Amino acid sequence: MGFNMRALVVGLISLFATACTTMETPVAEPEWTLLIHGGAGVMRRAEMTPELDAEYRAGLNAALEAGSRVLASGGAAVDAVQAAVIVLEDNPNFNAGRGAVLTREGVAELDASIMDGRDRRAGAVAQVRTVKNPIRAARHVMDKSGRVMFAGPDVDEMAKAAGLEIVPPEYFITPRRQEALRRAMAGTFVPMDRFGTVGAVAMDRAGNLAAATSTGGMNAKPPGRVGDAPIIGAGTYADNASCAVSATGDGEYFIRVSVARMICARVAMQGMSAEEAANATLEEVKALGGTGGVIVLDRDGSIALSMNTEGMFRGHADANGAREVAIYADE
Ligand code: ASP
């Protein structure tokens with residue numbers, strides 16, 4: 003009896019000690035988290051000028067700043083990803099909005115999508131030619147249309163009727179992308195010519211997830227070609243029950259692998275971490291011959307910025323003070 007009593011006392015003491023330890027070292031889950039990307043591919047330091055390197059990093063920081071502002075003030079993840087993507091669409095260095103790559107015929111045809119992990123509502127647009135910020139058109143589709151995806155000139159009409167900012171098609175065209183198109187049409191492949199699809203994923207203070215992606219697609223693409231960026235489940239996915247993903251890379255392969263949904267399925271059904279699910283899914287893309295990268299934020303707040311390429315423009319910010327941008331895979 004005495005022995006049992008001693009065991010009980012020892013047990014209670016150790017239980018108390020464990021509780022104290024747990025209380026003294028709380029898990030520092032950030033109250034909010036934001037990841038962004040600005041495209042993945044073959045990136046070599048030798049091909050990047052110091053000026054361009056600095057411009058890309060400044061652009062990524064400005065997008066992190068815009069999204070973080072929303073999240074820090076208690077805003078929704080879906081508003082934060084939209085805010086971050088708008089900054090990158092407006093930056094001519096990235097392949098989205100102004101500065102997008104051009105079709106074979108020399109025009110910008112823009113694709114974008116957004117998804118809210120709270121209820122899996124989603125909005126997507128393809129082949130946009132006059133909406134200054136295609137991600138706003140995707141958001142309009144999500145919030146107001148009762149549909150998920152629109153393509154072609156009707157998107158421009160719908161956006162105009164909704165009061166979104168409309169610009170002439172030339173607004174999107176930059177000398178750098180015209181030069182890239184000329185090179186592609188002449189059969190010259192320059193890796194840097196194709197970069198810059200943009201995207202963001204976020205978790206807000208309420209624990210909600212969201213994702214957004216915007217792109218001009220592939221340099222010198224045939225008119226009418228649509229990639230993975232506006233395909234819910236391929237380039238973009240968000241569900242509070244699993245994860246949020248935005249992808250960049252060879253769109254055809256990302257569609258065939260259903261990359262974004264597949265990553266979230268692996269998180270939800272196989273219990274993988276964001277990183278494990280991202281890597282397993284990028285392996286599938288690679289096995290088919292595709293390259294690219296993803297940003298992933300899972301329901302537990304764990305993150306992945308993964309690629310099977312030499313680099314990916316990317317950034318990470320959270321409520322605990324993280325604030326980093328990177329370009330090359332080894333950074
Ligand atoms: N995924 C985009 C597309 O195929 C391009 C890219 O991310 O570079 O349209």
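Residue numbering for the sequence shown follows my numbering, starting at 3 and increasing by one per position.
No residue lacks a Cβ here, since even glycine has one placed at the ideal position from N, Cα and C.
Every value quoted in this text rests on a predicted model; they were computed, and no experiment measured them.
Original post:
In chain order, what residues of the same chain lie with their CB nearer than 8 Å to the CB of Thr311, ignoring the 5 residues before and after it?
Top reply: Sequence-distant Cβ neighbours of Thr311 in its own chain, meaning closer than 8 Å and more than five residues away, are Ala42, Gly43, Val44, Met45, Gly251, Thr293, Gly294, Gly295 and Ala331.
Original post:
Is any heavy atom of the ligand ASP found at a distance shorter than 7 Å from the C-beta of Met220?
Top reply: Correct: Met220 has its Cβ closer than 7 Å to the ligand ASP.
Original post:
Taking 7 Å as the line, does the beta carbon of Ala1 fall inside it for any heavy atom of the ligand ASP?
Top reply: The chain is shown only over 3 to 333; residue 1 falls outside these bounds and no answer can be derived.
Original post:
Quick one: does the C-beta of Asp230 sit closer than 7 Å to a heavy atom of the ligand NAD?
Top reply: With respect to the ligand NAD, the structure offers nothing, as its ligand set consists of the ligand ASP.
**OP:** Identify every run of the alpha helix (DSSP H) within the stretch 258–300, keeping only runs that are complete inside it and at least 4 residues long; order them along the chain.
**Re:** Taken in chain order, the unbroken stretches of alpha helix (DSSP H) that lie wholly in the stretch 258–300 and span 4 residues or more are 261–272 and 276–290.
Subject >> Segment contact, 8 Å Cβ cut-off, at least three pairs: the stretch 69–78 with the stretch 203–210 >> reply: Result yes; three or more Cβ-Cβ pairs closer than 8 Å.
Subject >> Paired residues, beta bridge with Thr238 - DSSP >> reply: Answer is Ile234 and Ser248.
**OP:** Could you check if Gly119 is buried or exposed, using at least 16 other CB atoms within 10 Å of its CB as the buried criterion?
**Re:** It counts as buried.
Original post:
Exposed or buried, what is Pro177 when buried is set at 16 or more other beta-carbons lying within 10 Å of its beta-carbon?
Top reply: By the Cβ-count criterion, Pro177 is exposed, with fewer than 16 other Cβ atoms from all chains shown falling within 10 Å of its own Cβ.
**OP:** Going by CA-CA distance only, name the one from Asp302, Gly273 and Met309 that's closest to Asn281.
**Re:** It is Met309 whose Cα lies nearest to the Cα of Asn281.
**OP:** Write down every uninterrupted run of the beta strand (DSSP E) in the stretch 85–131 whose length is 3 residues or greater and which is fully enclosed by it, in chain order.
**Re:** Listed in chain order, the complete beta strand (DSSP E) runs (minimum 3 residues) inside the stretch 85–131 are 112–118 and 123–130.
**OP:** Give me the Cα-Cα distance between Ala328 and Arg59, rounded to the nearest whole angstrom.
**Re:** Looking at the backbone, the Cα of Ala328 and that of Arg59 are separated by about 7 Å.
Original post:
Exposed or buried, what is Ala139 when buried is set at 16 or more other beta-carbons lying within 10 Å of its beta-carbon?
Top reply: So Ala139 ends up on the buried side.
Original post:
Just to confirm, does Val256 get its C-beta within under 7 Å of one of the non-hydrogen atoms of the ligand ASP?
Top reply: The question names Val, but residue 256 in the sequence shown is Phe. For Phe256, the shortest C-beta to heavy atom distance toward the ligand ASP is below 7 Å.
**OP:** Using only alpha-carbon positions, find the residue among Glu57, Val89 and Glu53 that is nearest to Ser70.
**Re:** It is Val89 whose Cα lies nearest to the Cα of Ser70.
**OP:** Please report the residue range of the alpha helix (DSSP H) in which Val157 lies.
**Re:** Boundaries of the alpha helix (DSSP H) around Val157: Pro155 to Ala163.
**OP:** Use the C-beta contact count for Pro136: other C-beta atoms within 10 angstroms, 16 or more gives buried, fewer gives exposed.
**Re:** Classification for Pro136: buried.
**OP:** Provide the residue span of the beta strand (DSSP E) that contains Met314, from first to last.
**Re:** Gly313 to Asp320 is the span of the beta strand (DSSP E), which, as asked, contains Met314.
**OP:** In the DSSP assignment, find the unbroken alpha helix (DSSP H) run with Ala139 in it and report its ends.
**Re:** Element bounds for Ala139: Pro136 to His142.
Original post:
Taking the alpha-carbon positions, what's the Val261 to Thr283 distance?
Top reply: One C-alpha to the other measures close to 6 Å.
Subject >> Coarse secondary structure for Glu213, derived from DSSP in three states >> reply: It should be noted that the sequence gives Ala, not Glu, for residue 213. Ala213 falls in the strand class under three-state DSSP.
Original post:
How would you write the range of the alpha helix (DSSP H) that Arg178 sits in, first residue to last?
Top reply: Secondary structure note for Arg178: its alpha helix (DSSP H) is the uninterrupted segment Pro177 to Met187.
**OP:** Assign Gln129 to buried or exposed, taking buried as 16 or more other Cβ atoms, counted over all protein chains shown, within 10 Å of its Cβ.
**Re:** Here Gln129 is buried, its C-beta having at least 16 other C-beta atoms within 10 Å.
Original post:
How long is the line joining the alpha carbons of Leu36 and Ile116, rounded to whole angstroms?
Top reply: Put simply, the backbone Cα of Leu36 is about 15 Å away from that of Ile116.
Original post:
Which residue's Cα is closest to the Cα of Ala212: Gly237, Pro225 and Met271?
Top reply: Cα-wise, what sits closest to Ala212 is Gly237.
**OP:** Report buried or exposed for Asp241, applying the criterion of at least 16 other Cβ atoms within 10 angstroms of its Cβ.
**Re:** It is buried - the Cβ of Asp241 has at least 16 other Cβ atoms within 10 Å.
Original post:
Residues in its own chain within less than 6 Å of Ser216 by CB, not counting five upstream and five downstream?
Top reply: The answer, listed in chain order, is Val87, Glu91, Ala98, Ala114, Pro136, Ile137 and Val200.
Original post:
Which residue comes first and which comes last in the alpha helix (DSSP H) that contains Ser70?
Top reply: Ser70 -> alpha helix (DSSP H) spans Pro52 to Ala74.
Subject >> Rounded separation between Gly303 and Arg122 - CA only >> reply: Separation of Gly303 and Arg122 (C-alpha to C-alpha, rounded to the nearest whole angstrom) is 18 Å.
Subject >> Phe152 (DSSP reduced to helix, strand or coil) >> reply: Phe152 falls in the strand class under three-state DSSP.
Original post:
Between the C-alpha atoms of Pro170 and Leu104, what's the straight-line distance to the nearest angstrom?
Top reply: About 15 Å.
**OP:** Sort Ala324, His318 and Glu107 by Cα distance to Glu224 and report the nearest one.
**Re:** It is Pro, not Glu, that sits at residue 224 in the sequence shown. Minimum Cα distance to Pro224 is reached at Glu107.
Original post:
For Ala243, does the three-state DSSP call read helix, strand or coil?
Top reply: In this structure, Ala243 counts as coil in the three-state DSSP scheme.
Original post:
Cβ of Arg196 within 7 Å of any heavy atom in the ligand ASP?
Top reply: A heavy atom of the ligand ASP is found nearer than 7 Å to the CB of Arg196.
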